[in-house]
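Reading the sequence shown from the start, the letters are residues 0 to 516 in numbering that gives the first Met the number 0.
Every residue gets a Cβ at the ideal spot worked out from N, C-alpha and C, and that includes glycine.
What follows is a single structure, written as structure tokens, with notes after it.
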Amino acid sequence: MSLRTPTWMRTIAAVIALVGFMLGFGLATYVLLSTFKNVHDEYADNLMTEAEGVVVEIATILKQLNELNIAQCNQENMLAMRRSLFLSNHVREIGYLNNNNKLICTTGLGVLDEPFSSDGSDFFTENGFEIWIAQPLKMFNQEYKALIAKSGNYNAVYDLNRIKSIGLDGFDWQLIYRQGEMTSPITGSKETFRHLFQEDGHDFSLLEQYSEYCMISNPRYCIAIESRYPVFFEHYRSLIFVVLILLLSLTFINFSVALVLLKRFYSLNSLVKRGIRRDQFFSLYQPIVKLITGEIVGCEALARYKGRKSELFPDQFIPVIRSLKLTWLFTEKIIRKALLDLESNADLPDGFHVNFNIFPSDISSGRIQKLMNIHEVRNTRFHLVFEVTEDEELEEKESKSQLEWLNKQGFSIAVDDFGTGYSSLNQVKNMHCQILKIDRSFVMDMEEGSIKSSLIPHIVKIASDLNLKVVAEGIENQMQENELRELGVEFGQGWRFGKPMKVKNLASLIESKRHEN
Numbered sequence: 000m001s002l003r004t005p006t007w008m009r010t011i012a013a014v015i016a017l018v019g020f021m022l023g024f025g026l027a028t029y030v031l032l033s034t035f036k037n038v039h040d041e042y043a044d045n046l047m048t049e050a051e052g053v054v055v056e057i058a059t060i061l062k063q064l065n066e067l068n069i070a071q072c073n074q075e076n077m078l079a080m081r082r083s084l085f086l087s088n089h090v091r092e093i094g095y096l097n098n099n100n101k102l103i104c105t106t107g108l109g110v111l112d113e114p115f116s117s118d119g120s121d122f123f124t125e126n127g128f129e130i131w132i133a134q135p136l137k138m139f140n141q142e143y144k145a146l147i148a149k150s151g152n153y154n155a156v157y158d159l160n161r162i163k164s165i166g167l168d169g170f171d172w173q174l175i176y177r178q179g180e181m182t183s184p185i186t187g188s189k190e191t192f193r194h195l196f197q198e199d200g201h202d203f204s205l206l207e208q209y210s211e212y213c214m215i216s217n218p219r220y221c222i223a224i225e226s227r228y229p230v231f232f233e234h235y236r237s238l239i240f241v242v243l244i245l246l247l248s249l250t251f252i253n254f255s256v257a258l259v260l261l262k263r264f265y266s267l268n269s270l271v272k273r274g275i276r277r278d279q280f281f282s283l284y285q286p287i288v289k290l291i292t293g294e295i296v297g298c299e300a301l302a303r304y305k306g307r308k309s310e311l312f313p314d315q316f317i318p319v320i321r322s323l324k325l326t327w328l329f330t331e332k333i334i335r336k337a338l339l340d341l342e343s344n345a346d347l348p349d350g351f352h353v354n355f356n357i358f359p360s361d362i363s364s365g366r367i368q369k370l371m372n373i374h375e376v377r378n379t380r381f382h383l384v385f386e387v388t389e390d391e392e393l394e395e396k397e398s399k400s401q402l403e404w405l406n407k408q409g410f411s412i413a414v415d416d417f418g419t420g421y422s423s424l425n426q427v428k429n430m431h432c433q434i435l436k437i438d439r440s441f442v443m444d445m446e447e448g449s450i451k452s453s454l455i456p457h458i459v460k461i462a463s464d465l466n467l468k469v470v471a472e473g474i475e476n477q478m479q480e481n482e483l484r485e486l487g488v489e490f491g492q493g494w495r496f497g498k499p500m501k502v503k504n505l506a507s508l509i510e511s512k513r514h515e516n
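The following block contains the structure:
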């Protein structure tokens, strides 16, 4: 496999890192918004403390004054009103009204020259208070808007600028009086109150934050507070900067870790392990031809692997299988799957030779005897040939006995890639083999007349002396085929006769050759 990281793998790692960033950003936003609720709560507490103080104080003052039952604006009445004003924290002015609902004296102006009649009030509270909102007043040559509350023969004035002074930059708020679904605005930013909750509640997002609070002592008085993303970002500017730096760092780390894990997941070792476990290895079949007649007498089952994201070649996965010590598990699956594949095609003749490659370690260890545990091997209609590469392990006494056992079971043994490995003439004699397969490198050099290709006649002579059949691998053209046939090579294999193919294609090729002959 290429050492270069594939684009698709980088893309997946980037997506994973991006998802991690979004989750982290979402979590950070959730935490910051949750803490920002505390800002709303604190601001609401300040506003509600002032509002509740005004409501309670006005109700108390007006109740006490009305209980005096004074029917005129005399010195006793003025003294009582001024005493109440002096002791108050929120009220700016107190007035007395006659039975005709006309203001006749106040704590600030004393007895008026002319009784004063007010316009109709803005709303009535449930306990009978009459409320005027933003009523223009003039005191000591200064005009201001005030809230006036009247009960019985007295009213009290509250300067709205006092509660407005509690405001925070960037925040909108509104104090209302709620009567069922109807709301009467008292002060603050217009149309801020949305009536989303029956009691206290928050509706927060990154772009907009909204809260509603109702007075504990009198839930009809409620305050709405609203802020938007510039206020939120300004409030957490430094913290957001730190969080973004942290998230970007974690995103890079996540990308790197994801890339490492993906590389590990799609490494050769992992791919081979999963391929064996998931039965992703399969066989293609390359025909073996009798050179004199052109008849296809057998095939070699060649293992292949193709996953969803990658394709491996034998020179890649065979060494890994060997290093992972999964040789027999792999071989067993390949044999079983290939025989099922071949047996399913009735066009293949009985006695057809099917070659499988066997690892030398499975011979020396004795695992090869597990062949007879494979149902498909015991019941096959084909003649099985097991190809063994030259290896020093086959010199061991145990290996020789295992090869002899194979012969006794009726299987043939072929020495694969003969001439390139460890073997000697003496070893070939002791391997109980019936076939020598000349390595493709000898055949490829024939056209150049190399020293290596000149050894082919000697190999054929050795095979003849030992009564072994010879198969030449890697035949690609007519010239090679003709020359090998003249040298006495009986069988051939290579692209000249067909690339590795599926069973149905092999059966079709055999049928077409039969008609040609």
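Discussion item. Going by DSSP, what residue range makes up the beta strand (DSSP E) through T105?
Written reply: In the sequence shown, the residue the question calls residue 105 occupies position 106. Residues 102 to 105.
Discussion item. Run through the DSSP bridge pairs and tell me what R161 is partnered with.
Written reply: Looking up residue 161 in the sequence shown gives position 162. DSSP output for R161 lists no bridge partner at all.
Item to complete: Please list, in chain order, all residues of the same chain as L31 whose beta carbon is under 6 Å from its beta carbon, the five residues on each side excluded.
Response: What you label residue 31 is simply residue 32 of the sequence shown in a count that begins at 1. Here the set comprises Y235.
Worksheet entry | Selection from T124, E129, L111 that minimises the alpha carbon distance to D118 | One-based indexing of the sequence shown puts residue 118 at position 119. For D118, the nearest C-alpha among the options comes from E129.
Fill in: Buried versus exposed call for S269 [16 or more other C-beta atoms within 10 Å across all chains shown]
As a position in the sequence shown, residue 269 is number 270, starting the count at 1. In this structure S269 is exposed. Its beta-carbon is surrounded by fewer than 16 other beta-carbon atoms within 10 angstroms.
Worksheet item: By the 10 Å Cβ neighbour count, where 16 or more other Cβ atoms means buried, how is M80 classified, buried or exposed?
Response: Numbered from 1 along the sequence shown, position 81 holds the residue referred to as residue 80. When all chains shown are included, M80 counts as buried.
Practice prompt. Take C72 as the anchor and find which of L111, E389, S266 has the nearest alpha-carbon.
Written response: As a position in the sequence shown, residue 72 is number 73, starting the count at 1. For the residues L111, E389, S266, the minimum Cα distance to C72 belongs to L111.
Practice prompt. With a 10 Å radius around its C-beta and 16 neighbouring C-beta atoms as the bar for buried, classify D415 as buried or exposed.
Written response: Translated into the one-based positions of the sequence shown, residue 415 becomes position 416. Its Cβ being crowded by 16 or more others within 10 Å, D415 is buried.
Item to complete: Check whether the Cβ atoms of V384 and I357 sit closer than 8 Å, and answer yes or no.
Response: Reading the sequence shown from its first residue, position 385 is the one you call residue 384. Reading the sequence shown from its first residue, position 358 is the one you call residue 357. Cβ distance not < 8 Å, so V384 and I357 don't count as in contact.
Practice prompt. Taking only the alpha-carbon atoms, compute the straight-line gap between Y461 and L435 and give it to the nearest angstrom.
Written response: The residue given as residue 461 occupies position 462 in the sequence shown. The residue given as residue 435 occupies position 436 in the sequence shown. Note that residue 461 corresponds to Ile in the displayed sequence, not to Tyr. Between I461 and L435, the alpha-carbon positions lie close to 10 Å from each other.
Discussion item. Among the candidates L405, P318, F35, whose CA atom is the shortest distance from the CA of F203?
Written reply: Position 204 of the sequence shown, counting from 1, holds the residue named residue 203. That would be F35, whose Cα lies nearest to the Cα of F203.
Item to complete: Buried or exposed for M47, please, with buried defined as at least 16 other CB atoms from any protein chain shown within 10 angstroms of its CB.
Response: Locating residue 47 in the sequence shown gives position 48, counting from the first residue. With 16 or more other Cβ atoms within 10 Å, it is buried.
Worksheet item: Do you know offhand how far V470's Cα is from L486's?
Response: Here the question's residue 470 lines up with position 471 in the sequence shown. Here the question's residue 486 lines up with position 487 in the sequence shown. Whole-angstrom Cα-Cα distance: 12 Å.
Worksheet item: What's the gap between the Cα of A145 and the Cα of F231?
Response: On the sequence shown, position 146 is the one that residue 145 refers to. On the sequence shown, position 232 is the one that residue 231 refers to. If you take the alpha carbons of A145 and F231, they lie about 32 Å apart.
Worksheet item: For Y209, which residues of its own chain have a beta-carbon under 6 Å away from its beta-carbon, when the five flanking residues on both sides are left out?
Response: Here residue 209 refers to the residue found at position 210 when the sequence shown is read from its first residue. Counting only Cβ-Cβ distances below 6 Å, and skipping sequence neighbours, we find D202, E225.
Worksheet item: So what does DSSP say about Q134, is it helix, strand or coil?
Response: By 1-based counting over the sequence shown, the position of residue 134 is 135. Note: Q134 maps to strand in three-state DSSP.
Worksheet item: Does the separation of the CB atoms of E207 and R227 fall below 8 Å?
Response: Sequence index remark: in the sequence shown, residue 207 carries index 208 (1-based). Sequence index remark: in the sequence shown, residue 227 carries index 228 (1-based). The answer is yes: Cβ separation under 8 Å.
Discussion item. Please report the distance separating the alpha-carbon of K62 from that of R219.
Written reply: Reading the sequence shown from its first residue, position 63 is the one you call residue 62. Reading the sequence shown from its first residue, position 220 is the one you call residue 219. Going from the Cα of K62 to the Cα of R219 covers about 20 Å.
Worksheet item: Would E125 pass as a contact of N88 if the rule is Cβ separation under 8 Å?
Response: Working through the sequence shown from its first residue, we reach residue 125 at position 126. Working through the sequence shown from its first residue, we reach residue 88 at position 89. Not a contact, by the Cβ cut-off of 8 Å.
Fill in: Contact under 8 Å by Cβ, Y304 with P499
As a position in the sequence shown, residue 304 is number 305, starting the count at 1. As a position in the sequence shown, residue 499 is number 500, starting the count at 1. Contact flag unset, no.
Worksheet item: Where N97 and I185 are concerned, what is the direct C-alpha to C-alpha distance, given to the nearest angstrom?
Response: On the sequence shown, position 98 is the one that residue 97 refers to. On the sequence shown, position 186 is the one that residue 185 refers to. Taking the straight line joining both Cα atoms gives about 26 Å.
Worksheet item: With DSSP run on the structure shown, which of helix, strand or coil describes H201?
Response: Numbered from its first residue, the sequence shown carries residue 201 at position 202. Strand, per DSSP.
Discussion item. Helix, strand or coil for N268? Go by DSSP, reduced to three states.
Written reply: Within the sequence shown, residue 268 is the residue found at index 269, counting from 1. The answer is helix: DSSP assigns N268 an H, G or I state.
Discussion item. Are the CB atoms of L325 and I291 within a distance shorter than 8 Å?
Written reply: For this step, residue 291 is matched to residue 292 along the sequence shown. For this step, residue 325 is matched to residue 326 along the sequence shown. No, they are not a contact pair.
Worksheet entry | Nearest neighbour of L102, chosen from E142, N152, T59, L258 [CA to CA] | Locating residue 102 in the sequence shown gives position 103, where the first residue counts as 1. Measuring from the Cα of L102, the nearest candidate turns out to be N152.
Worksheet item: What three-state label does DSSP hand K396 in the structure shown?
Response: Here residue 396 is taken as the residue at index 397 of the sequence shown, counted from 1. DSSP places K396 in helix when its eight states are reduced to three.
Discussion item. Only counting the same chain, and skipping five residues up and downstream in sequence, which positions put a Cβ closer than 7 Å to that of F122?
Written reply: Translated into the one-based positions of the sequence shown, residue 122 becomes position 123. Result list for F122: I130, Y176, S183, in chain order.
Item to complete: Note down, in chain order, each residue of its chain lying with its Cβ closer than 8 Å to the Cβ of E310, except the 5 sequence neighbours on either side.
Response: The residue given as residue 310 occupies position 311 in the sequence shown. Within the same chain, E310 has close Cβ partners Y304.
Discussion item. Tell me the residue span of the alpha helix (DSSP H) that contains F316.
Written reply: Within the sequence shown, the letter at position 317 stands for residue 316. Start and end: 313 to 322.
Worksheet entry | CB contact flag (V376, L338, <8 Å) | Here the question's residue 376 lines up with position 377 in the sequence shown. Here the question's residue 338 lines up with position 339 in the sequence shown. Yes; because the gap between Cβ atoms is below 8 Å, this pair is in contact.
Worksheet item: For the putative contact between A155 and V90, defined by C-beta atoms under 8 Å, what is the C-beta separation to the nearest angstrom?
Response: Along the sequence shown, one-based indexing puts residue 155 at 156. Along the sequence shown, one-based indexing puts residue 90 at 91. Right, their Cβ atoms sit about 5 Å apart.
Discussion item. Rounded to the nearest angstrom, what separates S1 and P318 at their Cα positions?
Written reply: As a working mapping, residue 1 is identified with position 2 in the sequence shown. As a working mapping, residue 318 is identified with position 319 in the sequence shown. At S1, the pLDDT of 47 sits below 50, so the modelled position is not reliable; the number obtained from the coordinates is stated separately. Those two C-alpha atoms are separated by around 16 Å.
Worksheet item: Given that a residue counts as buried once 16 or more other Cβ atoms are within 10 Å of its Cβ, and exposed if not, what is L550?
Response: Because the chain in this structure spans residues 0 to 516, residue 550 falls outside the shown range and cannot be described.
Item to complete: Specify the secondary structure class of D278 as computed by DSSP and reduced to three states.
Response: The residue given as residue 278 occupies position 279 in the sequence shown. In this structure, D278 counts as coil in the three-state DSSP scheme.
Discussion item. DSSP three-state label for T326, please.
Written reply: Locating residue 326 in the sequence shown gives position 327, counting from the first residue. Looking at T326 - three-state DSSP - the assignment turns out to be helix.
Item to complete: Check whether the Cβ atoms of R513 and G473 sit closer than 8 Å, and answer yes or no.
Response: Along the sequence shown, one-based indexing puts residue 513 at 514. Along the sequence shown, one-based indexing puts residue 473 at 474. No; because the gap between Cβ atoms is not below 8 Å, this pair is not in contact.
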